[in-house]
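Data first, discussion second: the structure below is written as structure tokens.
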């Protein structure tokens, strides 16, 4: 009985893999048709697309990349169709995710070629903007990773970001930028601690606690900003961190402006991702944290304090989110506006899922979302017929597709969302 | 296989559970009352902390009261604000009952509202008796469809409804922005995203025009009451409602008892979406008369608090909706006459959720109100719950 069930299970998995590969192949074919008909046909006779890589007075000036838009789109469509047919006919589940990612990347380049046909457009500038816009999403996603790895679902990231933004603006106005960042991290940590206290000690439903934190922070920050900040304007006038040029490296073409001419938040996000990867996967406490997220009973039996671990990690998550929140005020405009995070915390959650609960994965996903975000801005300048709203929706649709497991499944930590009650 | 007797005991177990699982007076009455009182007090402390003078705080609470209950116009405002909150809250409460956490009411409300607006301005020449129900129906239908996406994904693939509804919310914001700029919806001659106005034949008629033409109370209040009655009937008097409650109380037992879990999930989400869509229709057909970006104004999120405060019970949701409507209406009055920002109300609402969701927190704050809980205390020093004097003794 048991053997045959296992065999049936294995067969099921095999069938679902095959189905998945078919779906991916079909998607790529659809994409190929779309690229050929919309981008290829649409840019016929529009001329070449010029992508600027460097400014003329840069130390290492590179020539523009000039692409004949229509031809390029047809070539890409052909490549996509080849991938699609291959997957559809031959299977090969191992390559399906990789080919899908590559296919989307190629389709995006075709899209850019179509959008810029007959015009020119700074690729480096957009990549730079991508990194800047990815910062709050990456830090939000990282906060999500840290708390969900100890099995605490953190819907409150949005609120923690907002709290960080608010504190950064107010304390930054009084004590200067560094003081603002420190205060934002502390307040973020405070809300992380509150979340931990609510869900660990008071056993509030994790999602309810997160929703309550979001509503509370939105309420407090909006209240104080309309009640106090409108009257005392000097409290809402923080200095903004300027870009720090890393010597020599910042002079490199393309990479220089994108990676080494950024402000403290971009560097901070990259460093934090590296540190948390090391922490989670290469240290003893990281292993303990992950065991608490996967199987708290077992962890408890081995003498790991489940409650303490959850408190510490969720508080750290809050601190990361607080730092990310400070970006909104100290990294961009120096001023707090009501509800200025605009759902970035939720996109961070999406990035966490996309990144499969791994800090580096969350960063990569955040870069994709940041790219979509900055692309949307550029589209307005290029005046393409595709409404920018649909581009803005794309990351969310992609998240739903991923969560639903249509193309590979993202698996959360096993105990995610479950309270642990010690006997 | 000894399947049949096992199934039978399980379903008997389930029946017992469904009958026994009744909320105690304490959970239904005492915790919510204390939650509201503590939240109001903390709201006052927040005002103190932000440098509002004591006199103004007094005026603020005064106008919170007069603005919600103090006059006919205040009552009218309270009921007007309560209708969409109760409708959307009912849907979320139904989800709670069935073990689903639907954060997507905001998006369902937007999509339903958009559908109602489109039907409201595009069908011309219909009498009110046909046009208005059609517009409401469109709102409910599209809200239901939007929510069923999350339900279907949960049922078919196991995708968690919290994530999918959050994503559907974000998608719906962009979708509404896009729709409001599309030429067949946007008001002619306007550059900003705003829809054409709903025709008079699709408007929810104002009820109190005979007293004062400024009173905004509209027939949506009847939609709200009908929905409360309908959901009560559905939950407690029908087989489907029993299945909903069983699926929420113990999904495994429900599945073993032969209930179709996938169908139940989609059905719950569809009904919840229909209610949220009705809430959206209620706003555009009764209050706003058109759609603009963010016409949902966070009602879908406040409705989560309403559902929690109402303890997932239709009558409770109605009372919670009325309370939140009163806070909303009173808050507006407070902003005008006491000069205290209406955002204070959001703080109070969030605190209410925290206290409701953490009854242990309330219990530690007011141990004397919960003495009958502890069997050890049942002996000599048992004080009636309303005597604060026992606080010192305990």
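Residue numbers (our numbering), protein chains in the order written: chain A, 1 to 423; chain B, 424 to 817. In this text, a Cβ means the ideal position worked out from N, Cα and C, and glycines have one as well.
If you compare the alpha carbons of B:750, B:494 and B:575 with that of residue 403 of chain A, the shortest gap goes to B:575. Residue 583 of chain B belongs to the set of residues whose beta carbon lies under 8 Å from a beta carbon in chain A. Look at residue 164 of chain A: its C-beta is not under 8 Å from any C-beta on chain B. Every alpha helix (DSSP H) stretch that sits fully inside the region 296 to 324 of chain A and reaches 4 residues is listed by chain position as 296 to 301. Taking residue 587 of chain B as the centre and dropping the five residues before and after it, the same chain places the C-beta of 573 and 576 closer than 6 Å to its C-beta, in chain order. Scanning its chain for C-beta atoms nearer than 7 Å, with the 5 sequence neighbours on each side dropped, one finds around residue 512 of chain B the residues 726, 729, 730, 733, 740, 743 and 744, in chain order.
When DSSP states are grouped into helix, strand and coil, residue 48 of chain A belongs to the strand group. For residue 65 of chain A, the enclosing beta strand (DSSP E) covers residues 65 to 68. The C-beta distance from residue 164 of chain A to residue 323 of chain A rounds to 7 Å, short enough to meet the 8 Å contact threshold. Secondary-structure assignment with DSSP links residue 244 of chain A through a beta bridge to A:262. Just so you know, the alpha carbons of residue 548 of chain B and residue 747 of chain B end up roughly 38 Å apart.
By the CB criterion at 8 Å, residue 608 of chain B and residue 541 of chain B fall inside the cutoff. With a minimum length of 3 residues, the unbroken runs of beta strand (DSSP E) contained wholly in the region 95 to 155 of chain A fall at 120 to 122. Of all residues in the region 126 to 144 of chain A, none comes within less than 8 Å of chain B when Cβ atoms are compared. Linking residue 110 of chain A to residue 35 of chain A through their CA atoms gives a straight-line distance of about 7 Å. Neighbours of residue 278 of chain A in chain B, taken as residues whose beta carbon is under 9 Å from its own, are absent, since the nearest beta carbon is some 28 Å off.
Exclusion of the five residues before and after residue 42 of chain A leaves 114 as the residues of its chain whose Cβ lies within less than 7 Å of its Cβ. Under the Cβ distance rule, residue 297 of chain A does not count among the residues neighbouring chain B, no pair being separated by less than 8 Å. Neighbours of residue 377 of chain A in chain B, taken as residues at a C-beta separation under 8 Å, are lacking, since the least C-beta distance is about 14 Å. With respect to the 8 Å criterion, residue 100 of chain A and residue 79 of chain A are not classified as neighbours on the basis of their beta carbons.
Taking C-alpha positions only, residue 227 of chain A is separated from residue 763 of chain B by approximately 7 Å.
The contact set of residue 777 of chain B on chain A, defined by CB atoms closer than 8 Å, consists of 198, 204, 209, 212 and 216 in chain order. Of all C-beta pairs linking the region 410 to 422 of chain A to the region 618 to 631 of chain B, fewer than three are shorter than 8 Å, placing the two stretches out of contact.
Under the 8 Å Cβ criterion, the region 615 to 624 of chain B counts as touching the region 553 to 570 of chain B, having at least three qualifying pairs. Residue contact check for residue 576 of chain B against chain A: a CB pair falls below 8 Å. By the Cβ criterion, the region 158 to 174 of chain A is not in contact with the region 594 to 610 of chain B, since fewer than three pairs of Cβ atoms, one from each stretch, lie closer than 8 Å. Straight across, the Cα-Cα distance linking residue 325 of chain A with residue 194 of chain A is about 17 Å. For residue 491 of chain B, the uninterrupted alpha helix (DSSP H) run begins and ends at 477 to 492, by DSSP. Here the region 188 to 202 of chain A makes contact with the region 303 to 321 of chain A; the two share three or more CB pairs at distances below 8 Å. At a beta-carbon threshold of 7 Å, the residues of chain B lying near residue 396 of chain A are 590, 593 and 594, ordered along the chain. Residue 348 of chain A and residue 143 of chain A do touch by the CB rule: their CB atoms are close to 7 Å apart, below 8 Å.
Residues 532, 533, 535, 536, 539, 562, 566 and 719 of the same chain have their beta carbon placed closer than 7 Å to that of residue 703 of chain B, with the five preceding and five following residues left out of the count. Residue 358 of chain A carries a coil assignment under DSSP once its states are collapsed to helix, strand and coil.
Beta-bridge analysis with DSSP links residue 618 of chain B to B:609. If the five residues before and after residue 631 of chain B are omitted, its C-beta is found closer than 7 Å to the C-beta atoms of 499, 638 and 640, all from its own chain and listed in chain order. By alpha-carbon distance to residue 185 of chain A, the top candidate from A:198, A:209 and A:160 is A:160.
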